[in-house]
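Numbering (full-length UniProt numbering), first residue to last: 1 to 182. Built from N, CA and C at the ideal position, the CB exists for glycine as well. Okay, so here's the structure we're looking at.
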Amino acid sequence: MNIETHTHEHWFALKVFYNKVFEIEDILKKDKIETYIPCEETLMERNGIKKKLRRPVINSLMFFRSTVCRALEVQRQFTNKVILYTRQEGLKRLPLAIPDREMNIFMLVTSSGEQGMEYFGEDNSKFHQGERVRVIDGKFKGAEGVICRIKKNRRLVVTVQGVCAVATSYIPQAFLQRIGQD
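This is the structure in structure tokens:
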């Protein structure tokens with residue numbers, strides 16, 4: 001791993017235990033660490049009182065932006081409460097740095113508030129195949145991903161490699177532009 005990777009900030013993912021996602025988020029924000037939790041707002045009624053609740057759409061998953069060294073500190077700080085997503089490099093397990101572009105597209109799609117989205121954990125590897133496209137119009141303009149058929153519908157799947165994936169609701173064919181293979 002090079003020096004630049006250690007000194008520059010990247011996005012990292014955490015698997016959080018015991019439904020403590022928002023608690024961990026508050027602690028990291030107090031430490032001036034940027035965080036992101038893919039959430040949806042739900043309306044809950046209790047004793048005749050309606051209240052908006054923020055609910056994670058992918059259980060136990062949160063993202064934060066820091067240097068590699070700080071990411072390792074976060075892992076140590078919350079021992080037995082979180083697991084930092086890692087990758088294998090030789091005999092070492094290193095924090096999985098998520099590219100800014102990939103994270104920005106993921107945040108664009110997951111923060112849209114669009115209904116009919118489907119979320120998948122890291123164990124769903126079938127979404128690495130399909131035709132790469134860019135959305136050129138509509139709510140998801142600028143998003144890139146692959147087209148997959150899910151429950152007989154063509155959907156755009158945006159992946160954070162090794163962490164999770166999200167499938168959008170239906171996107172009209174006219175809003176899609178084919179991207180050449182990388």
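Restricting attention to Phe-140, Gln-161, Val-158, the CA atom closest to the CA of Gly-113 is found in Phe-140. Just measuring C-alpha positions, the residue of Phe-63, Leu-43, Pro-99, Glu-40 sitting nearest Val-82 is Phe-63. Excluding sequence positions up to five before and after Arg-93, its CB lies within less than 8 Å of the CB of Thr-86, Arg-87, all in the same chain and listed in chain order. Take Ser-169, set aside five residues on each side of it, and the residues of its chain with a beta-carbon closer than 7 Å to its own are Glu-114, Gln-115, Gly-116, Met-117, in chain order. The closest CA to that of Glu-131, considering only Ile-105, Glu-144, Leu-96, is found on Glu-144. Pairing Glu-73 with Val-109, the inter-Cα distance amounts to about 29 Å. Shown here for Val-21: same chain residues with a beta carbon closer than 7 Å to its own, the five before and five after excluded, namely Ile-37, Pro-56, Ser-60, Met-62 in chain order. Secondary structure note for Ala-165: its beta strand (DSSP E) is the uninterrupted segment 164–167.
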